[in-house]
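Only one structure is covered here, and it is reproduced in the block below.
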Amino acid sequence: MVNGDFAKLTRKHGIKISAGFACTVEEIGLAVGEKVGHGSIKSLARMNSAVVIFLDQVEKVNCVIETGITNGQRRVIHSLLSGTGQEITEPSQIRRRAVSFYSTLYTSEYEEGETLSEGFCNGLPQVSEEANSQLEGPLTIQELQTALQGMQGRRAPGIDGLSVEFYKAYWDVLSHDLLDVFNESLASGSMPVSCRRAVITLLPKKGNLQDIKNWRPVSLLCVDYKILSKALATRLGKAVEQVIHRDQTYCVPGRSMVDNVHLIRDVLEVSSSLGINTGLISLDQEKAFDRVEHSFLWKVMEKFGFSAGFIAKIKVLYNKIESVLKFNGGLCAPFRVCRGVRQGCALSGMLYALSLEPLLSKIRSKLQGLFLPGLNGNMVLSVYADDVVVFVRDQKDTDILVDIVRDFSSASAARVNWKKSEALAVGEWSGGLPVLPQSMVWKKDGFKYLGVFLGKEIVVLKNWEDVIEKIEGKLSKWKWLLPQMSFKEPLIHKARLDVSSSETPGLTVALCRSKTLCLQQLVDAVGPELSDAQALGSLLGLHSVRVAQRILQLWSQILCPEEKRLLRSYGQGRARPDPADPFPEIYLSPGLGELTGPLLQVSVIVAIVIFITMSFLAGASLRSHGQTQIVMTQSQLSTN
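Last residue of the sequence shown: number 640 in the UniProt record's numbering, and the count goes up by one each step with no gaps.
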């Protein structure tokens, strides 16, 4: 590839390229693969048409991490609030503020408290010996390959710049070496630096974006680390359902957040219809995934009965891990991560669910919760990840919940933000509503849970606001289709003439010149039988009656008997809407005779059916039950 080719790629794709750096074919392949996928590169010749990022070694990695696969729009933070609430605009100070916040966030606050920890960890369900045996088994190439094949491509790589496509393309070459590296790392208790170091990118959340807390950190992990974690997660998924209660639906095979939404909706409807006093408290956990203390997690896994060998494997993935903050297009200095599960890691969801289960188990055992007729036992929780809804019966339940949350915070360093938590009361509560902590207020109409508004109709209708807006936006694009049609007008009124034939040269020009574009104009001029050639010649400005007659013959041949019957009915004023068919169909019949392909090897013209929902009908039922087009067959269409 010469300098001129680099320049063409730069102009065409808008990619910054440097040709002055000495490189090998392998290095070029790596750089190209990171942008277009290594699976698409078969030879050096094909690289000339690829999108290439080629800087020096450090800039190349930074650019790939910065742009990812999509070269999307970069987010720049121009100002932040300091810890004391003052606005910071100096770039270097903004960077220091961000790094300080996240390095502090990932600094451990865990203090060993045997009494509190034991109080939450006693009585937890146990993993079976068979499951432990499978968890402890040696890694296999097949496990790693299955994990790799389950990964989606075109994702931003980790700090080493190697993408999923690279590993898929060269798996036959890398698989045995990768397995050896993993086995050696698990045996020695430490992963390579590239596996231990993640790049943190920031995504905006709702709220004031000057507050660094309103930016969501997302870790970009190296693919080799993700292969190992996904293989271990596949094993763990088969065992975690033995110890995670059914009211927690996050990251447990066979469970779905839809179950939570349906449960809350049913509870609200049943409680309201039967007059049962029900209180729902939705707990907001502050930085839930980032505040998981590793020491507490290992202790919880041990109490669940996970074998020491499997826990040791998980510990390796969290031993001496670091993060590098990508901030305003640049990478900051690495800092240690002493707590939190790594987002982007396949194990994170299940590890978080395990760390939270002691709290949920304690709540189940201490609260009375909700009793419904015909239900065996009480209902206390509905949980999806860190979205926890607790059903309370009275003031006693509420007070016990507050005490349990406080004790769990001391035992695990987890934190519930009561100011952002919500509470919903259903029923009369004639004796008064329970008092909530930190001046929380009971809602009566409804609340939002897992992205769905639940409660009374006035709240539930909010679910449709975005849907209606999107549908109206899409429907507005179709206003041109039937601009003058009303309910009382037959569909044929605005059917478009789509004609072109080598046997009638100049027909399209004549139609446009005379502004004869609708079937209604044609029928009004030549009659419903399409027989008045002189009238057609006069309408289109044709000098030859024979040509006009030929045009009418071609059109008449294309119309089927039902369409001709509709034309006659329309001409006689008898065409009426069909109230039995509120959803007419439109059939477009293209001529495909000269086209080829495995899906087009048919002896007849393929009909493509497009269903359009209309709020009105106009016209009687014809074969298309809708707007009719007169279309020439492929053999009659001109090549232009």
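From the three backbone atoms N, C-alpha and C, an ideal C-beta is built for every residue, glycine too.
Note that this is a predicted model, so its numbers are computed, not measured.
### Query
Under three-state DSSP, which class holds residue 284?
coil
### Query
Shortest alpha-carbon distance to residue 506 belongs to which of 551, 129, 300 and 473?
551
### Task
Could you check if residue 193 is buried or exposed, using at least 16 other CB atoms within 10 Å of its CB as the buried criterion?
exposed
### Message
Nearest by alpha-carbon distance to residue 344: which of 103, 216 and 185 is it?
### Response
216
### Outcome for residue 34 when other beta-carbon atoms lying within 10 angstroms are tallied against a minimum of 16
In this prediction, residue 34 scores a pLDDT of 48, lower than 50, which makes its location untrustworthy; no coordinate-derived value is stated.
### Message
Is it buried or exposed, residue 238, if we count other Cβ atoms within 10 angstroms and call 16 or more buried?
### Response
exposed
### Query
Which residue from 293, 300, 98 and 84 puts its Cα closest to that of residue 328?
98
### Message
For residue 395, tell me which candidate among 434, 349, 530 and 361 has the shortest Cα-Cα distance.
### Response
434
### Query
Does the Cβ of residue 404 have 16 or more other Cβ atoms within 10 Å, making it buried, or fewer, making it exposed?
buried
### Coarse secondary structure for residue 426, derived from DSSP in three states
strand
### Message
For residue 91 and residue 209, what's the separation of their Cα atoms in angstroms?
### Response
16 Å
### Task
Compute the Euclidean distance between the alpha carbons of residue 456 and residue 269, then round it to the nearest angstrom.
9 Å
### Rounded separation between residue 534 and residue 516 - CA only
16 Å
### Query
Who are the Cβ neighbours of residue 88 in its own chain at under 8 Å, not counting the five residues just before and after it?
79, 80, 81, 82, 94 and 97
### Query
How many angstroms separate the CA atom of residue 362 from the CA atom of residue 407?
11 Å
### Task
May I ask which residues mark the beginning and end of the alpha helix (DSSP H) holding residue 233?
223 to 240
### Query
Helix, strand or coil: how does DSSP classify residue 508 here?
helix
### Query
Quick one: Cα of residue 106 to Cα of residue 290, how far?
7 Å
### Task
Could you spell out the range, first to last residue, of the alpha helix (DSSP H) harbouring residue 271?
257 to 274
### Message
Looking at the secondary structure, which residues open and close the alpha helix (DSSP H) in which residue 309 lies?
### Response
308 to 317
### Query
Given a threshold of 16 other Cβ atoms within 10 Å of its Cβ, counted over all protein chains shown, does residue 371 qualify as buried or as exposed?
exposed
### Task
Give me the Cα-Cα distance between residue 332 and residue 326, rounded to the nearest whole angstrom.
6 Å
### Query
Hey, how far is the Cα of residue 85 from the Cα of residue 466?
35 Å
### Task
Kindly indicate which residue of 453, 241, 420 and 454 has the alpha-carbon position closest to the one of residue 440.
420
### Task
Pick helix, strand or coil for residue 25, following the three-state DSSP scheme.
A caution first: residue 25 carries a pLDDT of 41, below 50, which makes its placement in the model unreliable, though a value can still be read off. Residue 25: helix per DSSP, three-state reduction.
#### Entry: Coarse secondary structure for residue 467, derived from DSSP in three states
helix
### Query
Looking only at C-alpha atoms, which of 167, 285, 555 and 236 sits nearest to residue 222?
167
### Query
Who are the near neighbours of residue 61 in its chain, counting only those whose CB is closer than 8 Å to its CB and skipping five residues on each side?
Any reading at residue 61 is ruled out, since the residue's pLDDT is 42, under 50, leaving its predicted position unreliable.
#### Entry: Beta-carbon proximity list for residue 417, same chain, < 8 Å, skipping 5 on both sides
284, 285 and 286
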